[in-house]
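In our numbering, the protein residues as written are 22 to 634.
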Amino acid sequence: MCGIIGFTGELDAKTVLLDGLQTLEYRGYDSAGIAYYTKDGIKTVKSVGKVSCLREKIDQVEKIDQAEKSPSTCGIGHTRWATHGGVTDANAHPHTCGKVTLIHNGIIENYHELENALAAKGKVPCSQTDTELVAMLMDSCYEGNPMETIKKSVAQIEGAFAFCIQFADEPEVIYCIRKQSPLVACHTENGSFVASDMVALITYSREYFVLPELHIAKLTKGRIEVSTLEGKAVSPEMIKITWDMAAAKKGGYPHFMLKEIHEQPDALQSTILPRVKEGNLPDLTADHIPLSIFKDISHVIITACGTAMHAGLVGRIMIEKLIRIPVSVEIASEFRYQDPVINEKTLVITISQSGETADTLAALRLAKEKKATVLSIVNVKESSIARESDYVLYTHAGPEIAVASTKAYTAQLACLFLFSYQFALGRGCITEKECADKIAQLLHMIAAIEETLTLEKVLEEAGSDLAKAEDLFFIGRGMDYALSCEGSIKLKEISYIHSEAYAAGELKHGTLSLIVEGTPVVALATQEKVFAKMISNVREVKARGARVILITNGRPEVDASVFDYQIALPKLEDELVPFTAAIALQMLAYYTALHRGLEIDQPRNLAKSVTVE
Ligand code: F6R
């Protein structure tokens, strides 16, 4: 989703802003712009399209106007993902009104009221954005004191926001404030930096802080001051980055997605190994998860969005199987409007790679309001979801840059498995010996992941076949149905091919009518318990002319006439196959999109971190 970068200091601000925006490209956007201060005042350049288009436009402006060549010392930059108003130069940020220039991430919910109030004063915006209304509001509140202006303005704004603001009277200062949408900042000998995501700052610093909600940060060359709205100074805690720069670069792979698929053995080791103690028993003490939390739980609700929600579908099966308590999985954007049954005996598990997904964060807040215990599985340290949860299990997957989630998903599964084992042990549902056996198998799974990655060639071949399709189906039962949902979303988001995930037994209740000669069907048949039934379902589709990609756990005996491709995953305990199957499905989606010649890391209309409802 929209990206933010701001800088004031000794470096050339234009360069810092453009490089920062380039680093934030992975978040997904449709236009970009910067405002920067030169000796002639604050200049703004905006362009639809990629940051490279913005660079070209700035070069043209510089050719025409020699004054632009003078160094710029302070500025703000933005990549916009359209919400209010179409994709146009005018709607791109920054927006200026009078003495106020600002950029914004988030959504202003009461923009209509603001627009009417401003119209009553004869003020009409030039763009169709909610952001310009805030620039107008701030300008109308401005009487020479930026802090007071910000305080007065945010009191009138409802919704989620992260603002970086330049006032014409203090052109070398950046003011920032946020609610829900993330902002991080750091100061170095080169100056002060702010961004929506630490990835944009890592070239300059390995330490940063998260701006607390509804606090104002004032960035000057020499320092960053943070204060409450009442003006009380605060010192936010500094966070150290533990991953290196190489982790955020492509490292020789053509796409971040492929790199991140291949990083899964390492990501899983980092997520699992620190949580296994001697004797192969789970150990969540370093995560500060006390055994006491398992005692009184009567039911579990897992809530998340997209791929993270699909990890929850697998988690539900594991927890119900091992602990025999009811678990439901709720789409976070639905959960909050459904008056869910929650009480102090409910454990709510939220799952999120970014830790900033607005719907998941809102679900978490609702759960806390209703006195549930909230445990979150999150990848990004100190993100909003991590900070607001009672307990956090971090997935140590490292930065995930491609919009399509890959390594974060399998790391989420790893956390859910470790958590279920600990939960089952804590409730006396399994013995230490049984638990140790399970963990030994989980560790063995990491080696099987390496082996799965060697299936790339056959997956590429199957992907080149799928690339010609316009509609396809993923089918499976139980765990395999959960995986079908994940396979389907992965394929849709990057290959733009319509697909549906179906519980295989449900096909004949309607969907079978869509299977005609040549319809591709990806059939997951990895679970022994339902294997024979699954193969019957495969026969049903094959008999109607489907082209079948059959995914199996090992190479069970199957009549070769029922499939066109067989992806035989390395043999694992059935409950661990989601890890290897997920990787096969990720590669299948990747190669399908590659054969269609698409822009894999930044699919159209999608954003990495969805910080609006
Ligand atoms: C799909 C994908 C999305 C995210 C979803 C939640 O590949 O990445 O479906 O899983 O937007 O995002 P997080 O995990 O950041 O809450």
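Ideal Cβ placement from N, Cα and C applies to all residues, glycine included.
Pick out whichever of the options has its Cα sitting closest to the Cα of residue i.
i    : options                   : result
K271 : V66, V247 and A423        : A423
V399 : A393, K392, R408 and K391 : R408
E421 : I26, Q623 and S213        : Q623
V631 : A524, Q374, A332 and T324 : Q374
T292 : F584, L414, K71 and T44   : L414
V231 : Q201, L250, F584 and K71  : Q201
Y523 : E514, I515 and M500       : M500
K298 : C456, S582 and T152       : C456
Y517 : E578, E620 and V543       : E620
K71  : E169, E634 and R625       : R625
Q187 : P233, T209, K120 and G252 : K120
S313 : L476, K454, G127 and G449 : G449
C326 : V348, F277, A384 and V145 : A384
P311 : S73, L396, K489 and I572  : L396
T59  : P303, E46 and E83         : E83
Q443 : A628, I340 and K64        : I340
V350 : L343, E365 and I372       : I372
T328 : E514, K280, R76 and A553  : E514
G419 : Y430, D304 and I406       : Y430
E179 : D304, Y225, G508 and Y132 : Y132
Y47  : G24, V69 and P203         : G24
S485 : Y586, K459 and S410       : Y586
H276 : M555, Y612 and H417       : Y612
Y50  : A34, L39, R76 and H99     : H99
V542 : F584, P361 and A181       : F584
K239 : E228, L204 and M219       : L204
K64  : A468, E31 and T122        : T122
Might you give, ordered along the chain, the residues of its own chain that have their beta carbon closer than 7 Å to the beta carbon of residue i, omitting 5 neighbours on each side?
i    : result
L504 : G497, L545, P599, A602, A603 and L606
E191 : P167
Q548 : R498, G499, M500, D501 and D595
V537 : R565 and G566
E403 : V231 and I260
I470 : Q285, P286, L289, F600, T601 and I604
Within the same chain, show all residues whose beta-carbon is closer than 6 Å to that of residue i, passing over the 5 residues directly before and after it, in chain order.
i    : result
T540 : A567
G27  : I97, C185, I195 and V215
I79  : V66
S248 : I237 and A254
S426 : T328 and Q374
A435 : L289, T292 and I293
A34  : F28, Y57, S93, T94, C95 and G96
DSSP on residue i, reduced to helix/strand/coil?
i    : result
N126 : strand
I398 : strand
L232 : coil
Y415 : strand
Y163 : coil
T367 : strand
Y358 : coil
R576 : coil
V479 : helix
S319 : coil
F188 : strand
D492 : strand
T263 : coil
E538 : coil
I340 : helix
F3   : Shown here, the chain extends from 22 to 634; a query on residue 3 therefore has no answer.
L387 : helix
I282 : helix
V145 : coil
H519 : strand
P295 : helix
H208 : strand
Y274 : coil
T224 : coil
R568 : strand
E514 : helix
S202 : coil
To which residues of the same chain is residue i closer than 8 Å at the C-beta, ignoring the five residues directly before and after it?
i    : result
R244 : H208 and S213
I'd like to know whether the C-beta of residue i is nearer than 7 Å to at least one C-beta of chain B.
i    : result
V194 : Given the protein chain composition of this structure (a single chain), no chain B is represented.
Practice item. Ignoring anything shorter than 4 residues or poking outside the region 422 to 463, list the alpha helix (DSSP H) runs there in chain order. Key: 428 to 447
Review point. For the region 53 to 124, which segments carrying the beta strand (DSSP E) assignment without a break, of at least 3 residues, lie completely within its bounds, in sequence order?
Key: 62 to 69, 95 to 101 and 116 to 118
Review point. What runs of the alpha helix (DSSP H), each 4 residues or longer, lie entirely inside the region 22 to 52?
Key: Entirely contained in the region 22 to 52, the alpha helix (DSSP H) runs reaching 4 residues are, in chain order, 34 to 44.
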